[in-house]
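> Here you go, one structure.
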Amino acid sequence: MKTFALRPDPDRTPSASPRQPTEADRSEAEALLGGLNPVQAEAARTTEGPVMIIAGPGSGKTRTLTHRIAYLLASKQAWPSQILALTFTNKAAREMRSRVVDLVGDEAKGMWIGTFHSIFARVLRREADHIGFSRDFTIYDSDDTERLIKELMTRYGIDPKRVTPRSVRSAISSAKNAMVGPDEYARLAGDPFTEAASKLYTPYAAALRKANAMDFDDLLGWPIRLFEQHPDILKEYQRRWRFLHIDEYQDTNRTQYVLAKLLAADHHNLCVVGDDAQSIYAFRGADIQNILSFQKDYPGAKEIRLEQNYRSTQRIVRLADAVIKGNAKQLDKTLWTDNDEGDPIVLMEALSERDEAQKVERTIRDIRSRTGISWSDVAVLYRTNAQSRSIEEALRRGGIPYRMVGGTSFYQRKEIKDALAYLRLAVNPTDEASLLRVINTPTRGVGAKTIDQLRDYATEHRVALWQAVQDPGGAGLSARASKAVEGFGFLVSRFASKAGTAPADELAREFIQETGLLQDLRDQNTPEALARLENVHELLNAVAEFAGGDPTGEPRTLSEFLQEVSLVADVDRLSDDENRVTLMTLHASKGLEFKVVFVTGLEEGLFPLAKAAQDATELEEERRLLYVGVTRAEEALFLTYARSRYRYGDQQSSVRSRFLDELDGEDLLRTESGGKFESRRGRFQTSDGGFGDYGKMDPNYWKQSLRPDDGKTRPRTKTVEAARGERTIVYDEGEAQIVPGVQVHHKSFGNGKVISIEGAGERAAATVNFKSVGMKKLKLAFARLQVVG
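If you're matching positions, the sequence shown starts at 13 in our numbering and goes up one per residue.
Right, dumping it as structure tokens:
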């Protein structure tokens, strides 16, 4: 690894250039680009002025961007701290930093690389006093903000049944992202909902300031106000960050766009990387016009297209290109690849969502048994979270391990939120949301009446709730309640006084111990409580790991830990070491890749959503979402839809998605069974067990047979045996799974009824009431039961 001399400390000379590059510097910098293709190398060398790199999926955009940064450092055009790179996930930021360090050495660790929110939270920590906050301000998550809005709705007499706190939070968030302030929002309000939201916008902002807190949107809104109100501070950051890089530029919203314009206004060295065809976040404020209008915003900008895909097979790339060609509003590009032709994309039709899930489960199991790929090489994607239920059930029944992105995460569990609330109070005692969460957790005799009295006192005296806690006598509390509140206030004050000096891990461990949280969980002594106790211990482990993890050796504070935790996204928590099938929404899959991908639920009203089908702009975003989904696949892609699906409690017929009709049929293999994937260079195995050409698959293999007794349509049942080591596992396929209530036949005991099922996979066992011998408990791996009704 090459280490370049990049001293003196650029933080002390932010506007200075390292030195004039020598011929040797240029030669070393050029050597870094040896592994890039010609277009990637051009993008890396184009360092002056505005640059837009249009990067198709799998085209090596991260590689190009990291080599561009390394080139700037190696050619002595910039110090590390003069480079700012903004991403949308912490995972992407970590990967980018790691790659640059690998290229040019540890000196590169001085770069500013992170998410928009984390970078500008860091700026606000430095400059908070200029906008009336202290540097230890709290960052409120969505739960905190919804709780605050709910309290304000009660105070202002707004019925939560008519207007929900979540919808108000979303409306205010959208307004902030569009840079619409409370007064303008009130003027624009034209219906009962927006009028209610506008009534809460100003007091919500006031409550945040009073609590020395910001929500996620403020982390981008306040820097704009800081720069506009203090041009000298803006000038300082313009000099400091001489080279700006923005990844996933198509996902930027109005505030992110404005921040980029402000910071690049002096030197114009702005490099954006993105793909308009992957703009899928309009629902959270992303504006595709930011990338479509880049040339207009930055006249003379250099435009470079990365169109070669290194990830997927030719068939997948062709399908993706066919998908996106249906959109009118897009930048001109054509995706291509030198990879293998690959297997056809399989289109699976199912009777229902349950049948769809079973076919997905069966296909995953077959792929695994025949190719030996890891479970983590497989992803199942869906348009809405509600679709995950039937898929989860099928994977559980099949004994397939899985993980869900977007479920209840570690940091959203109650016991963790309680512990974090205490830690946040140690850093910022005026944090009202955290105070209200734990003032009586665990129970210490501070009831709702006492809290109302404290609030009334704070409102009357126009002080923070924390000041009311410190003066319980003045709030008119009873002696008993006053003693309880005093005890709580003393506890928080004692540890708040240590927050600036004590090591983060020691402070956290001692504080959580003295809150009584741990003892309360021990006293409950239930399996659930003990599991929650382990979770709190794991949180303390995380604090300890964070405190000792700074590569410079500088101690990290509790405030820094809380900031990092508050800005972690679900995708950031994905572990590469976890060998499980991944279930996630299509939105969550962006930026990831898997050998095998299932895109499920391709039906009108679901994908595209019914609302989107009526609006040309939203329909184009739905098509881009499909484009993102199919380009996650490296080697095998399965598209599925169901003829019927439960909606609003009723089984309703479905019509397959219009998007399927736009695809090239030559790359699609339509089947009702799924079939079995062997390998990139192998052949498809037909559902009847033989290998051969795609055209030889029996399309009628899973055709429906009409049952004359009740007239209902059901698939035929077939038993598939998959050898695993020395054991043989028997699975029952189709809709007729072995579940409680079905009639089965055993070769020795005859017919019987399944009473219950225990376990899953190889451990699955059924209790069956046989007519001839009564109750028997049988392992399904060996029983060879056949469903007969």
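Cβ atoms here follow ideal geometry from the backbone N, Cα and C, with glycine treated the same way.
#1: Sorted by chain position, which residues of the same chain lie with C-beta nearer than 8 Å to R266's C-beta, five sequence neighbours on each side aside?
#2: Would you call A628 buried or exposed, if buried means 16 or more other Cβ atoms sit within 10 Å of its Cβ?
#3: In or out: M787 buried (at least 16 other Cβ within 10 Å) or exposed?
#4: Thinking just about the alpha-carbon of each residue, which of G528, L256 and D517 is nearest to the one in E550?
#5: Is the distance from the Cβ of V640 to the Cβ of L393 below 7 Å?
#6: Counting contacts by CB-CB distance shorter than 7 Å, is G459 in contact with chain B?
#7: Per the contact definition of three or more C-beta pairs closer than 8 Å, is the stretch 782 to 798 in contact with the stretch 756 to 767?
#8: Determine the closest residue to D114 out of A460, L519, I81 and L96, with distance taken between C-alpha atoms.
#9: Let me know if F500 comes out buried or exposed under the rule of 16 or more other beta-carbons within 10 Å of its beta-carbon.
#10: Could you pull the start and end residues of the beta strand (DSSP E) that Q755 belongs to?
#11: Check whether the Cβ atoms of T78 and V112 sit closer than 7 Å, and answer yes or no.
#12: Using three-state DSSP, classify N763 as helix, strand or coil.
#13: Is it buried or exposed, R401, if we count other Cβ atoms within 10 angstroms and call 16 or more buried?
#14: Count the other CB atoms, across all protein chains shown, that sit within 10 Å of the CB of S71; report buried if there are 16 or more and exposed otherwise.
#15: State the Cα-Cα distance for the pair Y213 and I236, rounded to the nearest angstrom.
#16: Does the beta-carbon of L797 have 16 or more other beta-carbons within 10 angstroms, so that it is buried, or is it exposed?
#17: State buried or exposed for A398, treating a residue as buried only when at least 16 other CB atoms are found within 10 Å of its CB.
#18: Hey, how far is the Cα of T471 from the Cα of A520?
#19: Looking at the structure shown, is G801 part of a helix, part of a strand, or coil, going by DSSP?
#20: Rank A219, G512, R592 and F128 by C-alpha distance to the C-alpha of K103 and give the top, closest one.
#21: Report buried or exposed for P194, applying the criterion of at least 16 other Cβ atoms within 10 angstroms of its Cβ.
#22: Do you know how far the Cα of A223 is from the Cα of L160?
#23: List the endpoints of the continuous beta strand (DSSP E) containing I125.
#24: List the endpoints of the continuous beta strand (DSSP E) containing V270.
#25: Considering only C-alpha positions, which residue in the set N537, Q479, Y658 and T643 is nearest to T325?
#26: As a quick exercise: from A140, S182 and K337, pick the residue whose alpha carbon is nearest that of E674.
#27: In the DSSP output, which residue or residues are listed as bridge partners for Y658?
#28: DSSP three-state label for I170, please.
#29: Measuring alpha carbon to alpha carbon, tell me which residue in Y83, E40 and P33 is nearest E54.
#30: Give the single residue among D153, A313 and L477 whose Cα lies nearest to the Cα of E576.
#31: So what's A217 in DSSP terms, helix, strand or just coil?
#32: Give the range of the beta strand (DSSP E) segment to which V810 is assigned.
#33: If you scan the stretch 22 to 96 from start to end, which runs of the alpha helix (DSSP H) of 4 or more residues do you find wholly inside it?
#34: Does the contact criterion of 3 or more C-beta pairs under 8 Å hold for the stretch 433 to 450 versus the stretch 505 to 513?
#35: Restricting to runs no shorter than 3 residues, where is the beta strand (DSSP E) found entirely within the stretch 361 to 422?
#36: Taking 8 Å as the threshold, find out whether the stretch 269 to 281 comes into contact with the stretch 242 to 256 through three or more Cβ pairs.
So, from the listed chains and residues:
#1: N189, A190, M191, G297 and D299
#2: exposed
#3: exposed
#4: D517
#5: No; because the gap between Cβ atoms is not below 7 Å, this pair is not in contact.
#6: In summary, chain B is missing from the structure at hand, where a single protein chain is found.
#7: yes
#8: When each option's Cα is compared against that of D114, the closest is I81.
#9: buried
#10: Q755 to H758
#11: A contact, by the Cβ cut-off of 7 Å.
#12: strand
#13: exposed
#14: Buried, since its Cβ has 16 or more Cβ neighbours within 10 Å.
#15: 19 Å
#16: buried
#17: It is exposed - the Cβ of A398 has fewer than 16 other Cβ atoms within 10 Å.
#18: 31 Å
#19: coil
#20: Ranked by Cα distance from K103, the first of A219, G512, R592 and F128 is F128.
#21: buried
#22: Rounded to the nearest angstrom, the two C-alpha atoms are 11 Å apart.
#23: W124 to T127
#24: Careful: V270 lies outside any beta strand (DSSP E), inside the alpha helix (DSSP H) at R266 to A276.
#25: T643
#26: K337
#27: Q663
#28: In this structure, I170 counts as coil in the three-state DSSP scheme.
#29: Of the candidates Y83, E40 and P33, the one whose C-alpha sits nearest the C-alpha of E54 is Y83.
#30: Of the candidates D153, A313 and L477, D153 places its Cα closest to the Cα of E576.
#31: Looking at A217 - three-state DSSP - the assignment turns out to be helix.
#32: Here the chain has residues from 13 to 801 only, and residue 810 is not among them.
#33: When DSSP assignments are scanned along the stretch 22 to 96, the uninterrupted stretches of alpha helix (DSSP H) that are 4 or more residues long and fall wholly within it turn out to be 35 to 44, 50 to 57 and 73 to 86.
#34: Judged by Cβ distances under 8 Å, the stretch 433 to 450 makes contact with the stretch 505 to 513, as three or more pairs qualify.
#35: 390 to 394 and 414 to 416
#36: Touching, yes.
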